[in-house]
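Asks: Mind looking over this structure? Questions follow.
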Amino acid sequence: MEHSDISKCGSDQLETRMNSKDFQKMQKVFMLPDQTASIGMNRQEFIDKMFATVGRGNRDEYGALFDKIDVMHDGFVDWDKLTSFMLLELYEKNERTNSSVIPQWKDIRCLPSVHKEHVKKIVFLKHSNRYLTISKDGFLASWSENLKLEKTLRITTDSVKIKDLWVTSMVHLANVNKIAVLFTSKEIGFYDLNSKHEFSCQYRLQGLENTPICLDYWYNPDDGNEAVLTFGDVCGQVQSICFTAALISLFERPANSTGDQESTLTITWQELSCGLHKCCYTTKHKLHDTFWVRQVKYISNLEAIVSCATSDANTVVLGWQGKKKSHLRTSSLNISQGINAFDYHSGLNLIATAGVDHIVRLWNPYVISKPNGILKGHMASVIAVQFINNRKQLFSFSKDKVLRIWDIHHQLCIQRISGIFPKSHEFQTILYFDEAHGCLFTTFNNQVTLLEMKQETSKRVTSHEKPITCVLYNSAFKQVISSDTGSTVTFWMIDTGQKIKQFTGCHGTFEITAMALDVSGTRLLTGSTDGTVKIWDFNGHCHHKLNVGRDQAAEISQILVLKRTVVVVGWERIITVFRMNTFTQFFVQPSEWKGGVQHQDDILSAAFLAPQTLVTGSYDGDIVIWNNNTENASRKIHSDPSRALKSKSDSHLVCGHGSMRRGYSSKSGRNTASSSNVTNTENEGHYIITRLIFLENRKNMPSNGGANLVSCGGAGFVRFWNVFKNHLQSEFVAHNEAGTIVMAVDEANHYLITGDLDGWINVWYIEDYCLDYSDNVLKQPPALVVSFQPHDDSISYLETCVQNGRLLILSASADCSLMVSDIYGIPIGIFGQEEHWHIEDVSILPTEHTNMQNEDKGQPLKEEDEEEKVSTLPRKSLLPLIIPQLFHDTKDEENSFNIVNPWENTILGKTVKENRSQRSKPYKPFDFEPKDNQIGTFSSLDIEQLQDVSEMMKPDFFINPHKYFGEKSDEVDSGCLELPSFTETLKATFDEKSLFPKDILDREQKSRQLFEHLFSEGKGKAHRKQVKVRERLPHINSLISQKQGSQLSIAGVTSEILKQNIKQGLLRKPKMPLSKALEMKD
């Protein structure tokens, strides 16, 4: 059997709970009486004395503290060791705090467009506090420290015409106050900033072997004469010029020179390589083959030149300077698909690489076999990276215009910024961060944008150490269960947000991608990328292991626990089923799904509707409807009419199983289509189905044609279906330009909650949506209740629950946070925050309503229109339309809530949100701060001060106690007291009337009387029938005597008499003919 490590939530460490007074007490114990020196203590003495002196914690904690202090295992500690340990601990804690602080940004702004061509470089001139930007056509702009345009000029060269000029890069030579500019004419120009005519060309280096495209400069801050200029070209060659007397002159002037410093000196590369200039020497290598060198950098800590290219082999080359300065000893890093850029952090000794394969890697330059860290999260090629040195954080920018900020210590993305940058399909970009001023520049062709960092920062709260993948709510125990990519499962209390237990390493190091609970809520099922589903109890014991991938890795997207089976789907065309009667062993093999293969692409989602309807949705948008009892597919539907028609005519079933298995597909990509006849169109992503949910409260709707199934997925689409009529009822875009989305529906089917890749959540009111059948597909979305952004990264899972009568939203994100908010977007807290919440203390929404925006026109409703609109709706549907603006900047509204603000991380302004979502937001849900309410519940009562009482009247029994409590011994009989007999004390005879309540006895008596009445009435009816029969006997005899001599037999007489009795109701009609009965009697 397998067990998972369980770590329960405990208190903080002892040293973090101590205050200054506690350390003063400890110091007194260590110091001698004369206060001149400190004494040492062994482990037992330290535990006994500190526990008795401080009085905080327990003995085990003091033993653990001793072990931390005694790192050398000397067996004793003194005051010096204790203070050294605490200083180091505080320093490390401060470093961790700084690295977890999330930068706050002002609104993005675009600098005036002064360039007509692509901007190639941005540099900051420290000596003059200004910025320089240069474009491809040589147009150079100078900006002040406040980013106001000062002047513009044209950088030219005599070797080419102005129309043929092409600048590839620029760098600032800070120690000599010059700039160096690269040209496609295979030359480098050096322009002096100290000359009378600023930006005059002082040196021109010509005759380069190939066209240079990237440039870097470094100088020794301790010796300005020592400097290195490095550049790379389009043929994979890296070259450098090492200056030894830069402050005197970069290059030597010839002896016959006139000595005019303003004239331009032309130098050839051959002169430098031959050593004709004694003030410098050159080095080079060509390990990048014929690939373009994307970036070069000289790193003084390593004494190495680092370069990169987009090649699989020799992706990053480190050229180490040996004893012979002109010779380079090289080593290289090999990265699949190559990289676009890199950066180096001297304090951490790490190289960050921007991978074409969407991955940011962290490398130790001395360990080239594998990276130290892998940062995943980008969905497109990473084109730039740059460290924030003081915070030990990293910028990364991808081709889909997503900026991420990473915490290097925890290797987590702490911030994601997207949707704010200028829109352009094809663009060239440069990322430059001026850490001293907190300015982040990004260029998009000829446009320059600025993100300026705010001074105030906030600490970020996380629920998991890794991105969260799934969330469940267990109503039986009122617990929230969450999982992450690090194979950790955590249990939280919904009432307070407290962590109660945690399972680590549930699937080793494999990511948990799906979870489910059994019907009783006592078993947890987890699915992982290792191709297995494990069944756990809540003590961390694994009972069964389901072999979904058949001993191969397979990504599992959803698990359904049904009455007799467990259905598993995920990135395969076939359904995997496990039958409950096979759960006799620990390792369970899958059973055969009788319906075979019906999907043409990978199945991503499934849903079940009792008693037997099962639906599955695939990557290509097909929805197959199954009979779960027979496991046969009954029909197939698709949102595209042409695809739906093709699906209906496709009756051929593929029954093979073994041939359908394919390799593992990660979330960053997907497997290729598993069927060759699937046509890829540009709108293929619109049909992806990531989630299917049945509206179970609409069981009676199919007869009226209403929708009973909701699907969501690609391009932000949400669709409503009627599976019984194979009809698409509605289709709308829930999130504009958001890619794939996830969703959840509350148990009452009143609200639909959707979440996108940018961390936004939209809440839709669907109780009265798509209730009637229509041949046309409805394009109008339901009423939007609220839109808010609780996360900085993509939302991975949504769940709803009801607690204390309030409908809550549980949202999990790739930013490692799990948040709970109510249906109106009011945040309650983040699981993992220090302060626990109490949901019952959160205020209910106020009843006053304000004007809402007209969803159709985007304009405020008029007062008359609003009243008319509200009055036409049923009473229970008024609440979504009358949502108050909760976050106005007024004291009364702020004081009406008693909510714990989970973090103070704000979004990048109203302009940012409008650009991202193409619609205005009614409010910003996280702009408020909790305030103490000074207005109490009884503040309106007029309470006067109590009057003083001079003397209180005492009662008589208090003044004369002997009158009331004295002993009367003379009246007491000294003889033995005799207890009365039982018959004397018995007040009444024991019966049912004294035992049972009167209402029960009355009910029983009435039922008895009713029975007697019915019984007597039945007996009376039977008696009356017998009397009537006796009365008829003389009449029968007379008939017989009158008919004597006739052919009428006794049988005929009897038959006639019996018929008359039947007509009169005296006898029942016989089951067989009367004549036949008489014959049988004879």
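Going by this note's numbering, 937 is the number at position 885 of the sequence shown; the sequence numbering is gapless. We treat Cβ as the ideally placed atom computed from N, Cα and C, and that holds for glycine.
With a Cβ-Cβ cutoff of 7 Å, do S848 and A835 count as a contact?
Replies: No.
Asks: Give the DSSP-derived three-state secondary structure of R69 in the structure shown.
Replies: Here R69 sits in helix by DSSP.
Asks: Please report the distance separating the alpha-carbon of R750 from that of F784.
Replies: Taking the straight line joining both Cα atoms gives about 20 Å.
Asks: Can you look up D874 in the DSSP assignment and give me helix, strand or coil?
Replies: Note: D874 maps to strand in three-state DSSP.
Asks: Within 10 Å of its beta-carbon, does C558 have 16 or more other beta-carbons around it, so buried, or fewer, so exposed?
Replies: By the 10 Å Cβ count, C558 comes out buried.
Asks: Does the segment 510-529 come close enough to the segment 160-174 that 3 or more CB-CB pairs lie under 8 Å?
Replies: With the cut-off at 8 Å, the segment 160-174 and the segment 510-529 do not touch.
Asks: Residues in its own chain within less than 7 Å of L117 by CB, not counting five upstream and five downstream?
Replies: These residues qualify, in order along the chain: L66, E67.
Asks: Would you report the Cα separation of I1052 and E1069, rounded to the nearest angstrom?
Replies: If I take the Cα positions, the gap works out to 26 Å.
Asks: What does a CB cutoff of less than 6 Å around P264 pick up in its chain, not counting 5 residues either side in sequence?
Replies: The residues are L234, F283, D285.
Asks: What number of angstroms, rounded off, separates the C-alpha of D1149 from the C-alpha of I240?
Replies: Past the edges of the chain, shown from 53 to 1134, lies residue 1149, and the structure says nothing about it.
Asks: Give the C-beta separation of V829 and I875 to the nearest angstrom, bearing in mind that I take them to be a contact with Cβ-Cβ under 8 Å.
Replies: Not quite, the Cβ-Cβ distance comes to about 28 Å (not below 8 Å), so this is no contact.
Asks: Looking at the strands, I want to know which residues DSSP matches up with Y269.
Replies: According to DSSP, Y269 bridges with L281.
Asks: For the segment 453-531, list the beta strand (DSSP E) runs that are entirely contained and at least 3 residues long, ordered along the chain.
Replies: Runs found: 454-459, 464-470, 483-486, 491-496, 499-504, 520-526.
Asks: Which class does L134 belong to by DSSP, given the choice of helix, strand or coil?
Replies: Helix.
Asks: So, with DSSP's three-state summary, where would you put H787?
Replies: In the structure shown, H787 sits in coil (DSSP, three-state: anything other than H, G, I, E or B).
Asks: What residue ranges within the segment 304-339 form continuous alpha helix (DSSP H) runs of no fewer than 4 residues, ordered along the chain?
Replies: The segment 304-339 contains these whole alpha helix (DSSP H) runs: 321-325.
Asks: DSSP three-state label for T634, please.
Replies: Helix, per DSSP.
Asks: Quick one, are the C-beta atoms of A659 and F746 less than 7 Å apart?
Replies: Yes; because the gap between Cβ atoms is below 7 Å, this pair is in contact.
Asks: Excluding five sequence neighbours on each side, which residues of the same chain lie with their C-beta closer than 6 Å to the C-beta of T495?
Replies: Cβ within range, chain order: V171, T481, I482.
Asks: Please report the straight-line C-alpha distance between Q637 and H595, rounded to a whole angstrom.
Replies: Approximately 9 Å, taken between the alpha carbons.
Asks: Do G758 and A786 have their C-beta atoms closer together than 7 Å?
Replies: No, the Cβ-Cβ distance between G758 and A786 is not below 7 Å.
Asks: Would you call the segment 122-135 and the segment 100-113 in contact, with 3 or more CB pairs under 8 Å?
Replies: No contact exists between the segment 122-135 and the segment 100-113.
Asks: Determine the extent of the beta strand (DSSP E) in which K120 is found, giving its start and end residues.
Replies: Segment 111-121 is the alpha helix (DSSP H) holding K120; no beta strand (DSSP E) there.
Asks: For the candidate residues Q855, N856, G881, whose alpha-carbon lies nearest to that of S863?
Replies: Here the closest residue by C-alpha is G881.
Asks: With DSSP as the reference, identify every bridge partner of I1145, one or two as the case may be.
Replies: Because the chain spans 53 through 1134 in this model, residue 1145 falls outside it and cannot be assessed.
Asks: Should G1143 go down as buried or exposed, given a rule of 16 or more other Cβ atoms within 10 Å for buried?
Replies: Residue 1143 is absent from the structure shown; the chain starts at 53 and stops at 1134.
Asks: In its own chain, which residues sit with a C-beta less than 6 Å from the C-beta of S72, not counting the 5 before and 5 after it?
Replies: If we look at S72 and ignore the five residues flanking it on each side, it has no Cβ neighbours.
Asks: Under the DSSP definition of a beta bridge, which residues are partnered with L804?
Replies: V797, W816, per the DSSP bridge assignment.
Asks: Within a Cβ cutoff of 6 Å, which residues of the same chain sit near M70, ignoring the five residues on either side of it in sequence?
Replies: Result list for M70: empty, nothing under 6 Å.
Asks: If you count every other CB in all the chains shown that lies within 10 Å of the CB of V585, and 16 or more means buried, which is it?
Replies: Buried, by the Cβ-count rule.
Asks: If you follow the beta strand (DSSP E) that R182 is part of, which residue opens it and which one closes it?
Replies: 182-187 is the extent of the beta strand (DSSP E) around R182.
Asks: When you compare the segment 358-374 with the segment 325-333, are there three or more beta-carbon pairs, one atom per stretch, that lie closer than 8 Å?
Replies: These segments do not touch.
Asks: Grouping DSSP H, G and I as helix and E and B as strand, with all else coil, what is V964?
Replies: With a pLDDT of only 40 at V964, under 50, the local geometry of the prediction cannot be trusted, and no value is derived from it.
Asks: Mapping DSSP to helix, strand and coil, what is T342?
Replies: Of the three classes helix, strand and coil, the one that applies to T342 here is coil, per DSSP.
Asks: Under 7 Å, do M222 and I214 count as touching if we go by C-beta distance?
Replies: No, the pair does not count as a contact, with Cβ atoms beyond the cut-off.
Asks: Taking all protein chains shown into account, do 16 or more other C-beta atoms lie within 10 angstroms of the C-beta of M632, making it buried, or fewer, making it exposed?
Replies: With fewer than 16 Cβ atoms within 10 Å of its Cβ, M632 is classed as exposed.
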